[in-house]
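Peer 1: The numbering of the sequence shown is the working numbering, which starts it at 224 and goes up by one. Let me begin by handing over the structure; questions about it come next.
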Amino acid sequence: MAITLRDMLLEVNLITPEQFDEALRNLVIYGGKIGTSLVEMGYLDDGELARLLSKKLAVPYVRADDLLHIPDEVIGLLSRELTLKYKVIPLKLEKKKLSLVMADPTDLRAIDDIAFITGYVIKPLVAPELRLIQALGQYYQMEISPRFQQVIDKVAVRDQEKERQRREAEEQERAEAEERQRLELEEEERRRTEERQRREAEEAERRQAEERERQEQEERDRLEAEERQRRELEEWEKRELAEWEAQRKIKEQQRRELMERAAREREERSLLERAEQERLVREDRRRREQEVQERERLKKEAAERAAMEELEELEVIEEGAWVERLERYSIGEIPLKLARAENRDEIAQTLLQFLGREFDRAALFLIRGGVATGWQAFNREEPVENFDTFNITLERASFLKTVAEGKSLYLGPLPDTAQNRRILAGLGGGRPETVLLIPLMISGRVVNVIYVEGGEKMLADRLGELTSLVAKVALAFEILILREKILS
224 MAITLRDMLL
234 EVNLITPEQF
244 DEALRNLVIY
254 GGKIGTSLVE
264 MGYLDDGELA
274 RLLSKKLAVP
284 YVRADDLLHI
294 PDEVIGLLSR
304 ELTLKYKVIP
314 LKLEKKKLSL
324 VMADPTDLRA
334 IDDIAFITGY
344 VIKPLVAPEL
354 RLIQALGQYY
364 QMEISPRFQQ
374 VIDKVAVRDQ
384 EKERQRREAE
394 EQERAEAEER
404 QRLELEEEER
414 RRTEERQRRE
424 AEEAERRQAE
434 ERERQEQEER
444 DRLEAEERQR
454 RELEEWEKRE
464 LAEWEAQRKI
474 KEQQRRELME
484 RAAREREERS
494 LLERAEQERL
504 VREDRRRREQ
514 EVQERERLKK
524 EAAERAAMEE
534 LEELEVIEEG
544 AWVERLERYS
554 IGEIPLKLAR
564 AENRDEIAQT
574 LLQFLGREFD
584 RAALFLIRGG
594 VATGWQAFNR
604 EEPVENFDTF
614 NITLERASFL
624 KTVAEGKSLY
634 LGPLPDTAQN
644 RRILAGLGGG
654 RPETVLLIPL
664 MISGRVVNVI
674 YVEGGEKMLA
684 DRLGELTSLV
694 AKVALAFEIL
704 ILREKILS
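Written as structure tokens, this is what we have:
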């Protein structure tokens, strides 16, 4: 079983499981890759992410500085359409081999298509998604979303801080080197002084040699005896040291063998535990699929029985009643679609398609870091173009600020403020008499705001139905987060 990015991060203690779960929740709500979420939240450096991706995918990585300083003649090797289609950047050309920076070097289809179009042999390299998007915006003028631009700016500030710290470290190292040099010069001067004093002492001793000649023989005898004792002591110490060293090596060998055996046992236990966990996950997934199929079968049978009973009891059903009943059945399908959603975009699409049919205008906003960003919107059942590029600060008064900070819905007319006029312009203009805004909260935090206006019925009459629907959308996000936890 291939090691995951989460396992690699936890193994080297770069993040904690709680930080990974928070980044995963950020990914589900705001999109992008898990590495981008970790860098965005400050849990991981983009350089560390690049090295881990290189190790995981077994391809070389590209440093951010190299990626942002590519010659124009290399950039011109690929067209703007080709690079934006496959999200790639040419790095260098060596004869017929083109080094290609990719967010996913395992995308063999992209590699084959580019090799066929250009005639080059493609050498894939890897870079974090964030740096690749920054380079595409720099070289090929790709429009960068406000969310990614905020992350790029935040990483730039971190890089500047690291550069400042590096310069300070170099300056400190230089000062320490100068101090060491000064101390070495002082030590050299001290040694010279001692050497001079030693020579003077030797000269004085030679002058007194004749006077000490008579005493030297006895002194030599005493020194020879001491020397013999010293040599014997040294020999004894050597034997003791050799014996101690031999014992130390034996104990060290035994310790290594014990550690290796313990490591093998831990690895075997880990493999067995992982296999058991995978088996339990497969059994749980199979059991839940069977339960879902059984529930769907029972629901279908109950719906068929109910329909047959109603047809038998009713003699005449007016055309308007049939329309109302069909609409009610269509609404009832939404929870099932939400439960089956595979990603955040399917959840948003299911919600907005329903709201777009039921109301004159509907929109879904992302709330994050004091900024509201457009996600999807419908005006008269038609998608609002470029709505995903709309963003507005929550520092100034607006109905979005009121709902996001108060964590409560808003029903009524819109105050005539500059921020509210700008939001309505982003939705296609106009000035509705009454609007309804409902916050969508996950883990006690407002992450989305749903906006609707118009429709055949009064908004107040549909308030209970819409609040129940928003609660189910929040549950769909929670299910998606739990699914991502299991799969990661």
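Yeah, the Cβ is synthetic: ideal placement off N, Cα and C, and Gly gets one too. These numbers come from a predicted model, not from an experiment.
Could you check what DSSP says for ARG668 in three-state terms: helix, strand or coil?
Peer 2: Residue state, collapsed to three classes: strand.
Peer 1: Run through DSSP, which three-state label would ILE709 get?
Peer 2: Note: ILE709 maps to helix in three-state DSSP.
Peer 1: Contact check, ARG699 vs ALA562 under 8 Å by CB: the rounded distance?
Peer 2: The residue asked about is misnamed: residue 699 is Ala in this sequence, not Arg. About 7 Å; that satisfies the 8 Å criterion.
Peer 1: Any idea which residues DSSP pairs SER322 with across the strands?
Peer 2: In DSSP, SER322 forms a bridge with LYS315 and LYS346.
Peer 1: Whole angstroms is fine: what's the gap from ARG286's alpha carbon to ALA694's?
Peer 2: Their Cα atoms are separated by approximately 44 Å.
Peer 1: Is the CB-CB distance between MET231 and LEU261 below 9 Å?
Peer 2: In this structure, LEU261 does not lie closer than 9 Å to MET231 by Cβ.
Peer 1: Going by the beta-carbon positions, is the gap between ILE704 and VAL251 smaller than 9 Å?
Peer 2: Contact: yes.
Peer 1: Cα separation between GLU450 and GLU458?
Peer 2: Approximately 12 Å, taken between the alpha carbons.
Peer 1: Let me know if LEU710 comes out buried or exposed under the rule of 16 or more other beta-carbons within 10 Å of its beta-carbon.
Peer 2: Exposed, by the Cβ-count rule.
Peer 1: Could you check the C-alpha separation between GLU605 and GLU517 for me, to the nearest Å?
Peer 2: Computed Cα separation, rounded: 37 Å.
Peer 1: Considering just the uninterrupted stretch of the beta strand (DSSP E) at LEU589, what are its terminal residues?
Peer 2: 584 to 591 is the span of the beta strand (DSSP E), which, as asked, contains LEU589.
Peer 1: Is the CB-CB distance between GLN708 and MET664 below 9 Å?
Peer 2: Reading off the sequence, residue 708 comes out as Lys, not Gln. Not a contact, by the Cβ cut-off of 9 Å.
Peer 1: Which two residues bound the contiguous beta strand (DSSP E) that contains GLN431?
Peer 2: Run containing GLN431: none; DSSP gives neither H nor E here.
Peer 1: Would you tell me roughly how many angstroms separate the C-alpha atoms of ARG471 and ARG484, rounded to the nearest one?
Peer 2: Going from the Cα of ARG471 to the Cα of ARG484 covers about 20 Å.
Peer 1: Helix, strand or coil for LEU660? Go by DSSP, reduced to three states.
Peer 2: Residue state, collapsed to three classes: strand.
Peer 1: In the DSSP assignment, the beta strand (DSSP E) including LEU634 goes from what residue to what residue?
Peer 2: That run of the beta strand (DSSP E) goes 633 to 635.
Peer 1: Restricting to Cα atoms, I'd like to know which of ARG654, ASN671, GLY649 and LEU637 is closest to GLU628.
Peer 2: It is ASN671 whose Cα lies nearest to the Cα of GLU628.
Peer 1: For SER621, does the count of other Cβ atoms within 10 angstroms reach 16, so buried, or fall short, so exposed?
Peer 2: The residue is buried, with at least 16 neighbouring Cβ atoms inside 10 Å.
Peer 1: In the DSSP assignment, what are the bridge partners of VAL675?
Peer 2: Its beta-bridge partners are ALA585 and LEU659.
Peer 1: Thinking C-alpha only, which one of GLU519, SER302, VAL311 and GLU676 is nearest ALA600?
Peer 2: Checked all of GLU519, SER302, VAL311 and GLU676; the closest Cα to ALA600 is GLU676.
Peer 1: Take ASN602 as the anchor and find which of ALA595, PHE610 and THR596 has the nearest alpha-carbon.
Peer 2: For the residues ALA595, PHE610 and THR596, the minimum Cα distance to ASN602 belongs to PHE610.
Peer 1: Can you tell me which of LEU686, ARG668 and GLU679 puts its alpha carbon nearest to the alpha carbon of GLU701?
Peer 2: Comparing Cα-Cα distances from GLU701 to each of LEU686, ARG668 and GLU679, the minimum goes to ARG668.
Peer 1: Excluding five sequence neighbours on each side, which residues of the same chain lie with their C-beta closer than 7 Å to the C-beta of PRO240?
Peer 2: Around PRO240: LEU233.
Peer 1: Quick one: is LEU637 buried, meaning 16 or more other Cβ sit within 10 Å of its Cβ, or exposed?
Peer 2: Buried: at least 16 other Cβ atoms inside 10 Å.
Peer 1: Is it a yes or a no for the region 309 to 323 touching the region 383 to 401, going by three-plus beta-carbon pairs under 8 Å?
Peer 2: No: fewer than three Cβ pairs fall under 8 Å.
Peer 1: Using DSSP's beta-bridge definition, name the partner residues of GLU605.
Peer 2: Bridge partners of GLU605: ASN602.
Peer 1: Tell whether a beta-carbon distance below 9 Å holds between GLN357 and ILE375.
Peer 2: In contact: GLN357 and ILE375 (Cβ atoms closer than 9 Å).
Peer 1: Where does THR416 sit, in a helix, a strand or coil, going by DSSP?
Peer 2: DSSP places THR416 in helix when its eight states are reduced to three.
Peer 1: What separation, rounded to the nearest whole angstrom, lies between the Cα atoms of THR259 and LEU353?
Peer 2: Spanning the two alpha carbons is a distance of roughly 6 Å.
Peer 1: Would GLU588 pass as a contact of ILE673 if the rule is Cβ separation under 9 Å?
Peer 2: It is Phe, not Glu, that sits at residue 588 in the sequence shown. Yes; because the gap between Cβ atoms is below 9 Å, this pair is in contact.
Peer 1: Any idea what DSSP makes of GLY543, helix, strand or coil?
Peer 2: Bear in mind that a pLDDT of 40 at GLY543, under 50, signals an unreliable position, so the model cannot answer this.
Peer 1: Report the rounded CA-to-CA distance for ASP244 versus VAL515, giving the unit in angstroms.
Peer 2: So the alpha carbons of these two residues sit roughly 27 Å apart.
Peer 1: Can you tell me whether GLY255 is helix, strand or coil according to DSSP?
Peer 2: Reduced to three states, the DSSP call for GLY255 is coil.
Peer 1: Alpha carbons only, please: which of LEU481, ALA697 and ALA595 is nearest the one belonging to VAL626?
Peer 2: Among LEU481, ALA697 and ALA595, the Cα nearest to that of VAL626 is on ALA595.
Peer 1: Need the endpoints of the beta strand (DSSP E) that ILE293 sits in, please.
Peer 2: No beta strand (DSSP E) contains ILE293, which DSSP labels as neither H nor E.
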